[in-house]
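Have a look at the structure below before the remarks.
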Amino acid sequence: MNAFHHSGNAPTNATQAKERLYSQLSGSLGRMARAIGQTADLCAQLQTDLHAMRTFAGLDAAKLMTVAAQLNPEDADTSRAE
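Position in the sequence shown counted from 1, then plus 472, gives you my numbering.
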């Protein structure tokens, strides 16, 4: 009779363990979904920052070339003649 009693409790314990594990899995998947969302947001921000850096670098290069041409006008004239 004792053997039947244990077999009756075993599925209940197994069911509880399974439900606990599914609950843990659910929490883990929720955290992972939030982390993926944050990663997507950070990637979008990185793309914006990289575009701004490209724009800034282009403007900075144009300023540098203008200053260089003003400081070395003879170099600019000879390069145009070639």
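Ideal Cβ placement from N, Cα and C applies to all residues, glycine included.
Checklist entry - Between C515 and the rest of its own chain, which residues show a CB-CB distance below 7 Å, the 5 nearest in sequence each way excluded? => result none
Next on the checklist: According to DSSP, is N485 part of a helix, a strand, or is it coil?
Outcome noted: helix
Item to check | Distance, L522 Cα to R492 Cα | outcome: 45 Å
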